[in-house]
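The structure under discussion appears below in the form of structure tokens.
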Amino acid sequence: MWAVTTAPLTSDDTSDRTAVQAVVDAFFSAFVSGPDCSERMDRLRGLLLPEAVVVRTCGLEPAVMTVEEFIAPREALLTGGSLTDFHEWALEGRIDVFGDIAHWFGSYAKAGTQTGEKFTGRGMKTIQLVRTAQGWRVSAAAWDDEREGLELPHA
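Under our numbering, the first residue of the sequence shown is numbered 3, with each subsequent residue one higher.
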């Protein structure tokens, strides 16, 4: 059995949490339709370890993707013209850090117009990160979206 301590944050821990949050914010900010999408996708590639794993669940059989299997169809969708005014953003989340590993778990929202129809959605994402010589990088991410019978509480 192990125990959790509630020692105050050290300056290094605060610095790590700030750096992890910056990666999480940059991850979400990649998913915006319109100009500069290719640059945002390139920044997203730089945030992910080349071997990172991304998993979509959403009530379906899990889809396990490599970095390019995850990014390429989203870039095509964000630049293809059928999806407009789209963006994703974090609502609230929790960061845990231990040494050279970190985890963000939280809720997010998305909105846009697809083939002329406005839509919104919410879900939960988990993002695992590791410290590298270049800073914090995403090693894995997974998400599940709201659907019939599975909803986030409304604030």
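C-beta atoms are modelled at their ideal positions from N, C-alpha and C, and glycine is treated no differently. Model, not experiment: these values are computed from the prediction.
The segment 80-96 makes contact with the segment 17-35: 3 or more CB pairs, one atom from each, lie closer than 8 Å.
Ser-84 counts as exposed, since fewer than 16 other beta carbons sit within 10 angstroms of its beta carbon. Scanning its chain for C-beta atoms nearer than 7 Å, with the 5 sequence neighbours on each side dropped, one finds around Val-25 the residues Leu-49, Leu-131, Trp-138, Val-140, in chain order. Taking the CA atoms as reference points, Pro-155 sits about 32 Å from Asp-102. Taking a cut-off of 8 Å on C-beta distances, the segment 108-120 does not touch the segment 38-49, as fewer than three cross pairs fall below it. Relative to the Cα of Arg-124, the nearest Cα in the group Val-56, Glu-148, Gly-82 belongs to Glu-148. Within the DSSP secondary-structure output, Ala-135 pairs in no beta bridge. In its chain, beyond the 5 residues on either side, Arg-149 have a beta carbon closer than 6 Å to the beta carbon of Gly-61.
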